[in-house]
Amino acid sequence: MEMDLQETQPSMSFLPPGRVSLRPMTLSDVDDYMVWATDPEVARFCTWEPCTSRDEAIKYITDRVLTHPWIRAICLEDDRPIGYILIMAVDDIRKEMGYVLARKYWGKGFATEAVRLVTTEIFKEFPEIERVEALVDVDNVGSQKVLEKVGFTREGVMRKYLYIKGSVRDTVMFSFLPTDTLM
Numbered sequence: 169m170e171m172d173l174q175e176t177q178p179s180m181s182f183l184p185p186g187r188v189s190l191r192p193m194t195l196s197d198v199d200d201y202m203v204w205a206t207d208p209e210v211a212r213f214c215t216w217e218p219c220t221s222r223d224e225a226i227k228y229i230t231d232r233v234l235t236h237p238w239i240r241a242i243c244l245e246d247d248r249p250i251g252y253i254l255i256m257a258v259d260d261i262r263k264e265m266g267y268v269l270a271r272k273y274w275g276k277g278f279a280t281e282a283v284r285l286v287t288t289e290i291f292k293e294f295p296e297i298e299r300v301e302a303l304v305d306v307d308n309v310g311s312q313k314v315l316e317k318v319g320f321t322r323e324g325v326m327r328k329y330l331y332i333k334g335s336v337r338d339t340v341m342f343s344f345l346p347t348d349t350l351m
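Take any residue in the sequence shown, note its place counting from 1, add 168, and you have its number in the numbering used here.
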């Protein structure tokens, strides 16, 4: 199968001062994507099931990642992705943030840096939005800590809010407003 390596997403115009950078994902990222996408622990709180083959990963990247309006690879200095972060429209004034990181990089501050980068820039890129939201499974303590470190406000638990992988789950709602202080 020949892979089209053209980027379909606009690139970010900023480079971070920290250890991570963000860039559009491409089909050539498939092998790095497989590192986290095949890990059941990584997929535990995600809406998707772990990837089972390279062909499945290529299809997911082609159909879901390259067509997504705002998804970026979280990269280290070597420009290889260790995860991704995305922004989804909720309505005209709200966006929802989601992210995933390879397990090897958990607890090292990389997700926090990526969330901070996006939170810093998202209100500039989309000046019409009034809030960024993040929905986190109540049992995903690590992700809750990431958002709190960046300065997101924990608004409360939304009981029986999401149906994921055959289970109805309680979800914690976090938000960040353009007037909030980034930490």
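Glycine included, each C-beta is placed from N, C-alpha and C at the ideal position.
In this text the structure is predicted, and so the values were computed from the model without any measurement.
**Asked** Can we say the region 314–326 touches the region 209–225, given the rule of at least three CB pairs closer than 8 Å?
**Response** no
**Message:** Determine, for residue 195, whether the minimum Cβ-Cβ distance to residues of chain C falls below 9 Å.
**Reply:** Among the protein chains of the structure shown there is no chain C, as only one such chain exists.
**Request:** Out of 280, 330, 274, 199, point me to the one whose CA is closest to residue 186's CA.
**Result:** Indexing the sequence shown from 1 puts residue 186 at position 18. Of 280, 330, 274, 199, the residue nearest in Cα terms is 280.
**Item:** Candidates 277, 312, 251, 266, of which the one nearest residue 199 by Cα
**Value:** Locating residue 199 in the sequence shown gives position 31, counting from the first residue. The candidate whose alpha carbon is nearest that of residue 199 is 251.
**Message:** For residue 310, report the span of its beta strand (DSSP E) as first-last.
**Reply:** Taking the first residue of the sequence shown as 1, we reach residue 310 at position 142. First-last for residue 310: 309–318, but that is the alpha helix (DSSP H), not the beta strand (DSSP E).
**Asked** To which residues does DSSP link residue 302 through a beta bridge?
**Response** The count along the sequence shown starts at 1 and reaches residue 302 at position 134. Answer is 342, bridged to residue 302.
**Asked** Applying the criterion that 16 or more other CB atoms from any shown protein chain within 10 Å of the CB defines a buried residue, is residue 261 buried or exposed?
**Response** Counted from its first residue, the sequence shown places residue 261 at position 93. So residue 261 ends up on the exposed side.
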